[in-house]
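Quick note on this note's numbering: the sequence shown kicks off at 107 and runs consecutively. Notes follow once the structure below has been shown.
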Amino acid sequence: MPDNLTPEQRSYCMSQITSRDTIPELMLKRELKSQGFTYQPKNAFGKPDFIHRDKKIAIFVDGCFWHMCPKCFKEPKSNKEYWIPKLEKNTLRDKEIDIAYKNDGWEVIRILEHELKK
Numbered sequence: 107m108p109d110n111l112t113p114e115q116r117s118y119c120m121s122q123i124t125s126r127d128t129i130p131e132l133m134l135k136r137e138l139k140s141q142g143f144t145y146q147p148k149n150a151f152g153k154p155d156f157i158h159r160d161k162k163i164a165i166f167v168d169g170c171f172w173h174m175c176p177k178c179f180k181e182p183k184s185n186k187e188y189w190i191p192k193l194e195k196n197t198l199r200d201k202e203i204d205i206a207y208k209n210d211g212w213e214v215i216r217i218l219e220h221e222l223k224k
């Protein structure tokens, strides 16, 4: 099925997607801050959404599309030759970040967007 937006319209729509202060992240923010977590810490490797430095816990809140959630990911309908490699690269980077944290003695928690909507 072809994209119903022009390339310019699609580009604008995609540029409006943010990676900070998403609704799922904000849902967790209040609770985790009360437990000593830092929200979107600056200069943290891999850009976790929350960390607890004393307990060595890194939490990532992942969007289902951007991280190819096995439960609800749907392939893009247009420009697949661009999107599929990009999204696969995201999941590979996730694994590399997880390994680096674990090798340094950290616990890594990944929460998918749909898990917060329950």
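From the three backbone atoms N, C-alpha and C, an ideal C-beta is built for every residue, glycine too.
Supposed close pair residue i, residue j - CB separation, criterion 8 angstroms
| i | j | result |
| --- | --- | --- |
| L193 | W172 | 7 angstroms |
| F179 | R216 | Not confirmed; about 14 angstroms, so no contact. |
| L132 | D168 | Not quite, the Cβ-Cβ distance comes to about 15 angstroms (not below 8 angstroms), so this is no contact. |
Of the residues the options, the one placed nearest residue i, counting alpha carbons only
| i | options | result |
| --- | --- | --- |
| K177 | E221, Y207 and K201 | E221 |
| C170 | K161, K162, P182 and Q141 | P182 |
| W189 | K201, M174 and I203 | M174 |
| I203 | K223, L111 and G152 | G152 |
| K148 | Q141, R159 and S140 | R159 |
Three-state class that DSSP yields for residue i in the structure shown
| i | result |
| --- | --- |
| H158 | strand |
| A150 | coil |
| L218 | strand |
| D210 | coil |
| D200 | helix |
| Q122 | coil |
| L111 | coil |
| S184 | coil |
| P191 | helix |
| K139 | helix |
| M174 | coil |
Residues near residue i by beta carbon distance below 6 angstroms, same chain, minus five either side
| i | result |
| --- | --- |
| A164 | P154, I157, Y207, W212 and V214 |
| A150 | I157 |
| L138 | F156 |
Residue(s) in a DSSP beta bridge with residue i
| i | result |
| --- | --- |
| Y145 | F156 |
| I163 | H158 and E213 |
| D168 | L218 |
Cβ neighbours of residue i in the same chain (closer than 7 angstroms, five flanking residues each side left out)
| i | result |
| --- | --- |
| R116 | D109 |
| K162 | G211, W212 and E213 |
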